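Q: Let me give you the structure first, and then I'll get to my questions.
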Amino acid sequence: MSGPVRGILEDMDRQIMPAVCEEDTMSSTCVGMSDLSDEILLCILRHVPVCDLLMNVANVCQKLHTLCHDKALLTNVSLSEDYKADDLLLRHIIKQLANHVQSLCLNGCYWLSGSTMDHLARCRRVTHLDVTGCRLTSTCLSRLLSSLSSLQSLAFDVTPRFHSGHLSSEAVDTLSRLSELRQTLLTPSYGVVPCCSQLRKLMLQFDISNVTRDGVGVCCQLMVGQSSVPHYQQLEEFTARLAPGEVNQTLLLLYLAVFSVHVPKRLRVFLVSIPGPNPAHWPAAPSLAQSLGQRGDLVALQLPRTWLDPQSLKRALEGNSPKHLSFSRCPVFWPQVFQSLLEGGVKDATQLTSLNLSGINHVLHSECRSVEDQQLAAETMSQLADCCCNVKHLNLMHTHYHHENSPGLDVGTHLCASLAKLRHLRSLTLPACALSDGVNVHHISTHNSPPSPLFQGLKKAPRVGLQIYKPDSESSLFRDSTTGLALLLAGCPFLETFELIGPGFASALPRLEPCTRASVDPRGMCAWARGVADAHLAALGDLPRLRRLTLAGLPGVLRGTGLVRLSRQCRDLRVLSLANLGSLKTMNYNTALLDTLKECTQLQELRLEQPYLNANASFFEALSCCSRLQRVCIISRSGTFDPSALETFMEHCRCVIMCHVFMSGTLVACRTLQKTLMDRFSSERPALSVVIYPLQHEDLPSVMREIPLTLLDRITLFQSHVAQPPHLSPL
2 MSGPVRGILE
12 DMDRQIMPAV
22 CEEDTMSSTC
32 VGMSDLSDEI
42 LLCILRHVPV
52 CDLLMNVANV
62 CQKLHTLCHD
72 KALLTNVSLS
82 EDYKADDLLL
92 RHIIKQLANH
102 VQSLCLNGCY
112 WLSGSTMDHL
122 ARCRRVTHLD
132 VTGCRLTSTC
142 LSRLLSSLSS
152 LQSLAFDVTP
162 RFHSGHLSSE
172 AVDTLSRLSE
182 LRQTLLTPSY
192 GVVPCCSQLR
202 KLMLQFDISN
212 VTRDGVGVCC
222 QLMVGQSSVP
232 HYQQLEEFTA
242 RLAPGEVNQT
252 LLLLYLAVFS
262 VHVPKRLRVF
272 LVSIPGPNPA
282 HWPAAPSLAQ
292 SLGQRGDLVA
302 LQLPRTWLDP
312 QSLKRALEGN
322 SPKHLSFSRC
332 PVFWPQVFQS
342 LLEGGVKDAT
352 QLTSLNLSGI
362 NHVLHSECRS
372 VEDQQLAAET
382 MSQLADCCCN
392 VKHLNLMHTH
402 YHHENSPGLD
412 VGTHLCASLA
422 KLRHLRSLTL
432 PACALSDGVN
442 VHHISTHNSP
452 PSPLFQGLKK
462 APRVGLQIYK
472 PDSESSLFRD
482 STTGLALLLA
492 GCPFLETFEL
502 IGPGFASALP
512 RLEPCTRASV
522 DPRGMCAWAR
532 GVADAHLAAL
542 GDLPRLRRLT
552 LAGLPGVLRG
562 TGLVRLSRQC
572 RDLRVLSLAN
582 LGSLKTMNYN
592 TALLDTLKEC
602 TQLQELRLEQ
612 PYLNANASFF
622 EALSCCSRLQ
632 RVCIISRSGT
642 FDPSALETFM
652 EHCRCVIMCH
662 VFMSGTLVAC
672 RTLQKTLMDR
682 FSSERPALSV
692 VIYPLQHEDL
702 PSVMREIPLT
712 LLDRITLFQS
722 HVAQPPHLSP
732 L
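According to our numbering, the sequence shown holds residues 2 to 732 in order.
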């Protein structure tokens, strides 16, 4: 029996045995797990992975064998993170599932062979199938669709070898009855959308290399290669998420071409995420906004900043009660968003559960606006918390808030005090400066006294706008106070995901572009972010339910002692992402990092990005204490690592299936180590993904394109996971 299953059963026995012991005059009787009712056992077995359920638990006794084959456990099956399921095991599992399973998810099972996919045709009762990230050819897809005549929902990848002409008439007939479709586009194509005339939900993820700088090649390829274009007569939900590149934007506009003719009458979800500063304009956006506003059943909305004007946005929200709104990187919408939410511009603001305001008050460096114009207002956010009291997910990344901690100001005026009103909050992303309790204004005025007239004209005039972060600034400028943070933690004790990101932080590992030496834009750094120090990290330990933590771009963290206390308090921390803490010229918190890793016994995912990281034997020895670690990614410009220590770590931590290391070193040494690890461990870990490559090598973008997309989006690339469109979750 596998370790996780044995642990579950042992924990249940330890909890049940003492509690249900009954003693009478003749004897003492203890009720064990096998004496529980079938209903209770089924509730317990729901938390066991299906492979362990059928291969291990079912062999314990006849009673468990019967329960493990109960249709309540085998109707909805997910194998997306069952990394021990190799081809042979999965084929055996499919035989047992064939007559029961109705919803089957293999999302991200990149390690399974194409021949294994053919065995899914046995599951003829399947109505929902997710094979995103799997090796699936057009011919194999055709065979599956021909066999699964009851299919209602499909998710798959459109690869460069895909051709709709390979689909049989039976497959096309199945597609014509689909109500839900999610396509991950790895090549310019309509995929199977033209065949799906009854679609109600369409989710698209564009991840195409920018092989052509204009859209002419893409347009011609689609118009010649496809006999029809999407019409979306029954469409209710449209979601699209783009990777960087002009090709992705051009293809999206082709998908949306029919919207310029008419907007689907039932549309209530429209989420489009386009990275980059200048998304291509879409002329049909105003008519879409008007249509959404007229019906009054809008559920979710996200539009790029160049698609709408404030008045069109007002019309779209008017009379609606949306649950998810995203205005990421849309500073032009800032006044209208708050006006609509606070002044009755929406029908019922209490229905809102997810709100993304990332970068909504961000201003380009070339624009001259005062600091006050670029900050979030605590009073406004307080009103927002009162109106949208049921928000569970809030993203304020790339915004600014500077609290003036003057004697005459009440602590209740702090932004954190306003956010503390959101009692239902489960995930939160904040700019680092929002946790600072203020700057020593008197010290600044003394320190910045006017220079002598003799030297005027010799110094560069200060830039109008945000305070510029200076690495040599004295720490005495900032108050080491966590009063504001304490208010937030007291008001939102159920936070499970917390992201604290310094304004101006940029990862050293881009998605498709070559790496640059500068990992941050000095002009984008905020002086108030330096006020967040180890005391603030230690205070985060008061979040008992914290599962996911991201800390990035925090120059005020010197020794990292707060990390140690945090890890000792948050015993169930599962995901940890640390990037650019403290000085970028040296790594001062190395000792604290090792102590932190030794405490993270439940950690499953680690992303560490830090210049001059020394991943030596001591580092990997501490990392080996994370016995449940599955995915690890290390990024360090000018960093070094010990190959033998890394190999020893992989030997000790047998749950690790992803090891991505982007540091210094020669290309030959990196490739040699990568091959050694794959040759040694891939036989016992079928899902093993090892990528070791020099960070600043010119061929890094092509290497990253070979990484499974599910791993690339989840951990390798730095990005916020709060209040984002559901692009990776199963349909």
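Ideal Cβ positions, reconstructed from N, Cα and C, are used throughout, including at glycine.
In this text the structure is predicted, and so the values were computed from the model without any measurement.
On a CA-only basis, which of E606, I41 and N77 is nearest L68? Give me that one, please.
A: The option with the nearest alpha carbon to L68 is I41.
Q: Whose C-beta lies closer than 8 Å to the C-beta of F621 among residues of the same chain, with five residues either side of it excluded?
A: Within the same chain, F621 has close Cβ partners D643, A646, L647, T649 and F650.
Q: Could you give the first and the last residue of the continuous alpha helix (DSSP H) run that contains A491?
A: Segment T484 to G492, the alpha helix (DSSP H) holding A491.
Q: Would you list the residues sitting across from K202 in a DSSP beta bridge?
A: In DSSP, K202 forms a bridge with E181 and E238.
Q: For F207, which option in A258, S274 and M659 has the closest C-alpha, if you only look at C-alpha atoms?
A: Closest option to F207, Cα to Cα, is S274.
Q: Rounded to whole angstroms, what's the CA-CA distance from L186 to A539? Just pull it up for me.
A: Each residue's alpha carbon lies about 43 Å from the other.
Q: Are the CB atoms of D594 and L630 nearer to each other than 7 Å?
A: As written in the sequence, residue 594 is Leu, which differs from the Asp given in the question. No.
Q: Look at the alpha carbon of L490 and the alpha carbon of C527, and state the distance between them as a whole number of angstroms.
A: Approximately 23 Å between the Cα atoms of the pair.
Q: In three-state terms, what does DSSP make of N581?
A: The answer is strand: DSSP assigns N581 an E or B state.
Q: Enumerate in chain order the residues of its own chain whose CB-to-CB distance from H1 is below 7 Å, with the five nearest sequence positions on each side excluded.
A: Given a span of 2 to 732 for the chain in the structure shown, any question on residue 1 remains unanswerable.
Q: Straight-line CA distance for E606 to L272?
A: Between E606 and L272, the C-alpha separation is close to 28 Å.
Q: Taking just the CA atoms, how far does E380 sit from L579?
A: Distance between the alpha carbons of L579 and E380: 31 Å.
Q: Would you mind working out which of L426, D310 and Y402 sits nearest L356, comparing C-alpha positions?
A: Here the closest residue by C-alpha is L426.
Q: Between which two residues does the alpha helix (DSSP H) holding G115 run?
A: Where G115 is concerned, the enclosing alpha helix (DSSP H) stretches over G115 to D119.
Q: With DSSP as the reference, identify every bridge partner of H394, one or two as the case may be.
A: DSSP, once it has assigned bridges, lists S355 and S428 as partnering H394.
Q: Residue range of the beta strand (DSSP E) that M588 falls in?
A: Per DSSP, M588 belongs to no beta strand (DSSP E) and is neither H nor E.
Q: In its own chain, which residues sit with a C-beta less than 8 Å from the C-beta of R92, not counting the 5 before and 5 after it?
A: T117 and H120, listed in sequence order.
Q: Decide if Q199 is buried, meaning its Cβ has at least 16 other Cβ atoms within 10 Å, or exposed.
A: By the neighbour-count rule (16 or more Cβ atoms within 10 Å), Q199 is not buried but exposed.
Q: If distances are taken between C-alpha atoms only, which option among L236, N279 and G554 comes closest to E500?
A: Answer by Cα proximity: G554.
Q: Specify the secondary structure class of A688 as computed by DSSP and reduced to three states.
A: Correct three-state label for A688: coil.
Q: Which class does D53 belong to by DSSP, given the choice of helix, strand or coil?
A: The answer is helix: DSSP assigns D53 an H, G or I state.
Q: Within the continuous beta strand (DSSP E) that includes C660, where are the two ends?
A: Segment M659 to M664, the beta strand (DSSP E) holding C660.
Q: Looking only at DSSP bridge pairs, what is D643 linked to?
A: None, per the DSSP bridge assignment.
Q: For the stretch 685-692 against the stretch 654-673, do three or more pairs of beta-carbon atoms, one drawn from each stretch, fall closer than 8 Å, so that the two count as touching?
A: Contact between the stretch 685-692 and the stretch 654-673 is present, because at least three Cβ pairs lie under 8 Å.
Q: Within its chain, find whatever has a CB closer than 8 Å to the CB of K324; leave out the 5 residues flanking it on each side and keep chain order.
A: Taken in chain order, the residues that qualify are V300, A301, Q352, L353, T354 and S355.
Q: Are L289 and P265 closer than 7 Å when you measure CB to CB?
A: Taking 7 Å as the Cβ cut-off, L289 and P265 do not qualify as a contacting pair.
Q: Taking DSSP as the reference, what is the three-state secondary structure of F157?
A: Strand, per DSSP.
Q: From what residue to what residue does the alpha helix (DSSP H) around E40 run?
A: Looking at the DSSP string, the run of the alpha helix (DSSP H) that includes E40 is D39 to L46.
Q: Any beta carbon from chain B within less than 7 Å of T677's own beta carbon?
A: Included in the structure is just one protein chain, with no chain B present.
Q: When we look at the beta-carbon of G345 and count the other beta-carbons within 10 Å, is it buried (16 or more) or exposed?
A: G345 is exposed by the Cβ-count criterion.
Q: Please return the same chain residues whose Cβ sits closer than 8 Å to the Cβ of C196, not counting the five positions on each side in sequence.
A: The answer, listed in chain order, is S165, L168, V173, L176 and S177.
Q: Along the chain, where does the beta strand (DSSP E) that runs through G554 open and close?
A: Note, G554: beta strand (DSSP E), R549 to L555.
Q: In whole angstroms, give me the CA-to-CA distance for G134 and T711.
A: Cα to Cα, G134 sits roughly 7 Å from T711.
Q: With a cut-off of 8 Å on the beta carbons, I'd call R546 and V576 a contact; round off their distance for me.
A: That belief does not hold up - the Cβ atoms of R546 and V576 are roughly 13 Å apart, past 8 Å.
Q: Consult DSSP for T76 and reduce its assignment to one of helix, strand or coil.
A: The answer is coil: DSSP assigns T76 none of H, G, I, E or B.
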